[in-house]
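To keep things clear, I will list the structure first and then write my remarks on it.
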Amino acid sequence: MAQRESAPETPGAWYRRLPLVLAIIALVTAAVYLPVLQNGFVDYDDPDYVTVNPMVRQGLTLKGLAWAFTAFHAGNWHPLTWLSHMLDIQLFDLAASGHHAVSLLFHIANALLLCLVLRALTGSTVRSAFVALLFALHPLHVESVAWVAERKDVLSTFFWLATMLAYLWYVAKPSLKRYLAVALLLALGLLAKQMLVTLPVVLLLLDFWPLGRLRLKDAGEGIPLPKLLLEKAPLLGIAGAAAAVTILAQSAGGAIAARHGGYAGSVLVNWGNALIAYPRYLIKMVWPLDLAIFYPLNPGSVTAVKVAGAAVVIAALTAGALWQLRRRPYLAFGWFWYLVTLLPVAGFIKVGSQAIADRYTYVPLIGIFVVLVWGIAEIAGRWTRGPQAAVAAGVAVLALCSALTVTQIGYWRTPYQLYDHALQAVPDNWLAHNNMAILQAQQYRFDEATRHFQESLRINPDQAEGYLNYANVLQATGQTGPALQALQESVRLNPSGAQGHFRLGYAYLIAGNPDLAYREYEQLQQLDQVQARSLLDSIRMAGRR
1 MAQRESAPET
11 PGAWYRRLPL
21 VLAIIALVTA
31 AVYLPVLQNG
41 FVDYDDPDYV
51 TVNPMVRQGL
61 TLKGLAWAFT
71 AFHAGNWHPL
81 TWLSHMLDIQ
91 LFDLAASGHH
101 AVSLLFHIAN
111 ALLLCLVLRA
121 LTGSTVRSAF
131 VALLFALHPL
141 HVESVAWVAE
151 RKDVLSTFFW
161 LATMLAYLWY
171 VAKPSLKRYL
181 AVALLLALGL
191 LAKQMLVTLP
201 VVLLLLDFWP
211 LGRLRLKDAG
221 EGIPLPKLLL
231 EKAPLLGIAG
241 AAAAVTILAQ
251 SAGGAIAARH
261 GGYAGSVLVN
271 WGNALIAYPR
281 YLIKMVWPLD
291 LAIFYPLNPG
301 SVTAVKVAGA
311 AVVIAALTAG
321 ALWQLRRRPY
331 LAFGWFWYLV
341 TLLPVAGFIK
351 VGSQAIADRY
361 TYVPLIGIFV
371 VLVWGIAEIA
381 GRWTRGPQAA
391 VAAGVAVLAL
401 CSALTVTQIG
411 YWRTPYQLYD
421 HALQAVPDNW
431 LAHNNMAILQ
441 AQQYRFDEAT
451 RHFQESLRIN
461 PDQAEGYLNY
471 ANVLQATGQT
481 GPALQALQES
491 VRLNPSGAQG
501 HFRLGYAYLI
511 AGNPDLAYRE
521 YEQLQQLDQV
531 QARSLLDSIR
541 MAGRR
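Position 33 of the sequence shown, counting from 1, maps to 33 under the UniProt record's numbering, and the rest follow consecutively.
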């Protein structure tokens with residue numbers, strides 16, 4: 001079934017002891033990530049997903065089960081992820097350490113599954129272990145593990161890798177029962193996160209290398225591409241249906257736009273940013289410093305020179321992989337894994353206001369890790385002492401990754417540390433300024449909150465939600481006029497936002513302008529009947545007085 005490595009890997013027999021290797025991967029990953037158990041929740045997405053979500057807070061219930069499969073809450077449809085959070089509440093309530101422990105266990109399981117998959121595919125224990133450890137310990141992957149709201153990453157990847165194992169089982173002896181197992185695991189992964197829409201294409205890559213099922217010429221061994229495509233057709237159908245639901249959910253939730261008031265962007269800017277993202281993630285993989293929870297998309301930074309440069313890099317690497325297609329098939333496998341799996345989150349269809357996000361590398365970098373490990377092993381095999389030197393260098397790289405990962409986990413300890421680091425890593429970070437201001441306002445540090453809000457709105461003056469937040473501080477400090485102006489700006493930027501009309505109506509009422517308040521009520525009536533009734537009752541009471 002699999003094309004085994006023909007050359008010996010390293011002297012010694014330890015690499016053949018797969019159980020010991022798996023135990024080492026699990027223990028090292030657990031040790032490096034142990035500090036995450038001391039972290040709390042953060043106030044970015046965690047409230048929507050867990051801490052103030054009324055359905056999740058009830059734990060596992062029949063009502064919650066129905067809601068998980070029917071709701072487009074937070075612009076997503078991932079019922080299995082919602083059920084996972086509900087189970088955590090059932091077990092740990094709001095003890096953050098329990099939620100973090102479950103995410104860590106999934107991350108460890110993913111590293112072990114990755115090692116098993118690569119070992120089964122290639123017969124190479126050492127190389128598979130190094131890829132798994134790079135995956136487990138790279139600091140770019142901290143966000144997916146340390147952020148409770150990103151449970152969908154670790155959960156969906158668990159089913160991704162389990163699907164690959166099932167596919168190997170199917171390829172060994174094709175049957176309907178085994179194919180249904182592949183389809184079921186794929187469907188479960190899609191119920192956790194629709195990132196798996198590209199998995200059927202990755203299975204085709206496996207057919208090319210290392211399974212060798214794909215026939216590259218009209219004659220010869222293997223299966224023709226049309227037949228392999230037909231084999232994947234049901235899986236592609238499942239993935240396509242999930243993609244359609246995702247687009248519907250994100251459109252309903254307003255995610256395919258300027259979330260949090262960020263830049264929605266023209267098609268050219270979004271596509272240009274998506275092209276730039278491919279080499280940008282590679283740079284961050286090699287130099288994983290200044291990592292932040294949010295990287296704002298600045299349209300001015302998407303220049304023609306950068307887009308052209310990114311296109312040249314992508315084209316050159318693609319051409320190189322194709323040039324070495326027969327001699328070094330792992331290059332094409334790993335590079336096309338990266339290209340394909342990053343496609344749904346690169347930004348060609350703009351979701352959110354970020355230019356890039358660390359969490360989007362969780363699966364795509366596996367392909368690059370395969371290229372690096374297999375390539376270095378091939379080069380090292382040409383010298384007598386090469387394998388030992390390669391292993392020593394690999395251990396040094398893993399140690400460095402571990403140190404950076406421990407540091408990165410520390411930034412997730414509290415929301416204050418998270419945003420403070422984000423502002424140091426990305427100074428013009430309007431979202432970090434906004435969220436830091438909210439934290440300081442909650443501590444009655446209004447002067448500092450005001451400075452952060454003003455800086456956030458200076459960097460990005462088009463954020464309706466930012467003006468709403470700023471109005472809170474202005475009202476708390478008795479600045480009625482400026483608060484009214486901030487609310488008016490929020491409504492101007494987002495005329496379909498019910499909260500803006502609701503807040504502005506009350507502000508008019510407090511300022512003694514019931515007619516203007518009533519005008520906001522009329523606008524609100526088209527958007528939110530409950531809030532409209534509340535505002536109307538207040539107007540009537542003010543009229544009686």
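Think of the CB as a built atom: it goes at the ideal place given N, C-alpha and C, for glycine as much as any other residue.
**Message:** Considering just the uninterrupted stretch of the beta strand (DSSP E) at I356, what are its terminal residues?
**Reply:** If you look at I356, you'll find it in the beta strand (DSSP E) that goes 354-356.
**Message:** Taking a contact to mean a Cβ-Cβ separation below 9 Å, would you say A74 touches D45 in this structure?
**Reply:** For A74 and D45, yes; Cβs fall inside 9 Å.
**Prompt:** Quick one: what does DSSP say P427 is sitting in, helix, strand or coil?
**Reply:** Reduced to three states, the DSSP call for P427 is coil.
**Request:** State yes or no: is the C-beta of T405 within less than 9 Å of the C-beta of V32?
**Result:** Yes, the pair counts as a contact, with Cβ atoms nearer than the cut-off.
**Prompt:** In whole angstroms, what is the alpha-carbon distance linking W335 and Q90?
**Reply:** So the alpha carbons of these two residues sit roughly 42 Å apart.
**Request:** Report back the beta-carbon spacing between H433 and S456 to the nearest angstrom; my notes put them in contact at under 8 Å.
**Result:** Right, their Cβ atoms sit about 4 Å apart.
**Item:** Separation of A483 from I438, as counted between CA atoms
**Value:** Going from the Cα of I438 to the Cα of A483 covers about 16 Å.
**Message:** Tell me the rounded alpha-carbon separation between L268 and A95.
**Reply:** Computed Cα separation, rounded: 45 Å.
**Prompt:** What three-state label does DSSP hand I223 in the structure shown?
**Reply:** I223 carries a strand assignment under DSSP once its states are collapsed to helix, strand and coil.
**Bridge partners - Y295, DSSP secondary structure assignment** = According to DSSP, residue pairing for Y295 in a beta bridge involves I356.
**Minimum length 4: unbroken alpha helix (DSSP H) runs contained in the region 350-398** = Complete alpha helix (DSSP H) runs here, min 4: 365-380.
**Request:** Report all residues from its chain with a CB closer than 8 Å to the CB of K177; omit the five preceding and five following residues, and keep chain order.
**Result:** There are no such residues.
**Asked** What residues in its chain sit with their C-beta under 6 Å from that of Q523, if we drop five residues either side in the sequence?
**Response** Counting only residues of its own chain and dropping the five nearest sequence neighbours on each side, Q523 has a CB closer than 6 Å to the CB of H501.
**Asked** Where A425 and A292 are concerned, what is the direct C-alpha to C-alpha distance, given to the nearest angstrom?
**Response** Taking the straight line from one Cα to the other gives about 6 Å.
**Item:** Rounded straight-line distance, which links the Cα of K306 to that of A315
**Value:** About 14 Å.
**Request:** Would you tell me roughly how many angstroms separate the C-alpha atoms of G497 and Q526, rounded to the nearest one?
**Result:** Looking at the backbone, the Cα of G497 and that of Q526 are separated by about 11 Å.
**Message:** Give the list of continuous alpha helix (DSSP H) stretches no shorter than 4 residues that lie fully inside the UniProt domain "Glycosyltransferase RgtA/B/C/D-like" (99-205).
**Reply:** Counting only runs of 4 or more residues that sit fully inside the UniProt domain "Glycosyltransferase RgtA/B/C/D-like" (99-205), the alpha helix (DSSP H) segments are 125-137, 142-146, 151-172, 176-192, in chain order.
**Message:** Quick test of the definition: if touching needs 3 or more C-beta pairs under 8 Å, does the region 150-164 touch the region 112-126?
**Reply:** Three or more Cβ pairs closer than 8 Å define a contact, and the region 150-164 meets that threshold against the region 112-126.
**Prompt:** Who are the near neighbours of N435 in its chain, counting only those whose CB is closer than 8 Å to its CB and skipping five residues on each side?
**Reply:** For N435, where only same-chain residues beyond five positions count, the Cβ hits under 8 Å are D43, Y44, P415, Y419.
**Buried/exposed call for Q250, threshold 16 Cβ in 10 Å** = Buried, by the Cβ-count rule.
**Message:** Do F208 and L188 count as a contact pair if the criterion is CB distance below 9 Å?
**Reply:** Not closer than 9 Å, so no.
**Minimum C-alpha distance to L509 - residue among S490, S534, P495, E489** = If we check each option's Cα against that of L509, S534 comes out closest.
**Asked** Do you know how far the Cα of Y362 is from the Cα of L140?
**Response** Cα to Cα, L140 sits roughly 8 Å from Y362.
**Asked** Near I108, what residues of its chain come up, given a Cβ to Cβ distance below 7 Å and the 5 sequence neighbours on each side ignored?
**Response** The answer, listed in chain order, is A26, T29, A30.
**Cα-Cα separation, I24 to F69** = I24 and F69: Cα-Cα distance of roughly 38 Å.
**Message:** Quick check: the region 336-343 against the region 192-203, are at least 3 beta-carbon pairs closer than 8 Å?
**Reply:** Enough Cβ pairs lie closer than 8 Å, so yes.
**Item:** Contact under 9 Å by Cβ, A511 with I539
**Value:** For A511 and I539, no; Cβs fall outside 9 Å.
**Item:** Beta-bridge pairing of L214 - partner residues as DSSP gives them
**Value:** Paired residues: I223.
**Item:** Where A532 sits in the DSSP three-state scheme
**Value:** It is helical.
**Asked** What are the boundary residues of the alpha helix (DSSP H) that includes V56?
**Response** Note, V56: premise wrong, no alpha helix (DSSP H); not H, not E.
**Asked** Which first and last residues belong to the alpha helix (DSSP H) in which T480 is found?
**Response** Start and end: 480-493.
**Request:** Report, in whole angstroms, the separation of the C-beta atoms of P387 and G381, which I expect to be a contact under 8 Å.
**Result:** Contact flag correct, Cβ pair sits at about 6 Å.
**Prompt:** When DSSP labels each residue in this structure, what does N39 get in the three-state scheme?
**Reply:** Of the three classes helix, strand and coil, the one that applies to N39 here is coil, per DSSP.
**Request:** For E221, collect the residues of the same chain with a Cβ closer than 8 Å to its Cβ; drop the 5 residues on either side in sequence, then sort them by chain order.
**Result:** G212, R215.
**Request:** Enumerate in chain order the residues of its own chain whose CB-to-CB distance from L235 is below 8 Å, with the five nearest sequence positions on each side excluded.
**Result:** Cβ neighbours of L235 within its own chain (closer than 8 Å, five residues either side excluded): V182, A183, L186, L199, P200, L203.
**Prompt:** Where does A302 fall in DSSP's three states?
**Reply:** Before going on, a small fix: residue 302 reads as Val here, not Ala. Of the three classes helix, strand and coil, the one that applies to V302 here is coil, per DSSP.
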